[in-house]
Amino acid sequence: MKIRKQILIPLLLVDAIALYFFLTTIEAWIFWLAALILVGSLWWLKKAIQGQKTEMEEK
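Spelled out as structure tokens, the structure:
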């Protein structure tokens, strides 16, 4: 499984920022926005990994 660095590095940066706000904020809307970003990016990463596994199996 090889995910391109152009995609992975910004995704990890956004996740780190969202995780920081998720753990440190007391504002409800920031908390839920950070949670939504974390869940969305993890879902996207899971789909990307599954897509690469499928491509590797087809070869």
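Position one of the sequence shown corresponds to residue 131 (my numbering), numbered consecutively onward. Just so you know, even glycine gets a beta-carbon here, dropped at the ideal spot from N, CA and C.
Legend entry - For E185, the first and last residue of its enclosing alpha helix (DSSP H): The residue labelled residue 185 in the question sits at position 55 within the sequence shown. Where E185 is concerned, the enclosing alpha helix (DSSP H) stretches over 158-188.
Legend entry - Cα-Cα separation, L141 to L153: As a working note, residue 141 is residue 11 in the sequence shown. As a working note, residue 153 is residue 23 in the sequence shown. When rounded, the distance between both Cα atoms is 18 Å.
Legend entry - Alpha carbon of D145 to alpha carbon of Q180, nearest angstrom: Counting from one through the sequence shown, the residue named residue 145 turns up at place 15. Counting from one through the sequence shown, the residue named residue 180 turns up at place 50. Their backbone Cα atoms lie some 20 Å apart in a straight line.
Inset, instruction - Find out if the Cβ-Cβ distance for the pair L175, A148 is shorter than 9 Å. - result: Here residue 175 is taken as the residue at index 45 of the sequence shown, counted from 1. Here residue 148 is taken as the residue at index 18 of the sequence shown, counted from 1. For the pair L175 and A148, the CB atoms are not nearer than the 9 Å cut-off.
Legend entry - E187 versus K177: straight-line alpha-carbon distance, rounded: Working through the sequence shown from its first residue, we reach residue 187 at position 57. Working through the sequence shown from its first residue, we reach residue 177 at position 47. Rounded to the nearest angstrom, the two C-alpha atoms are 15 Å apart.
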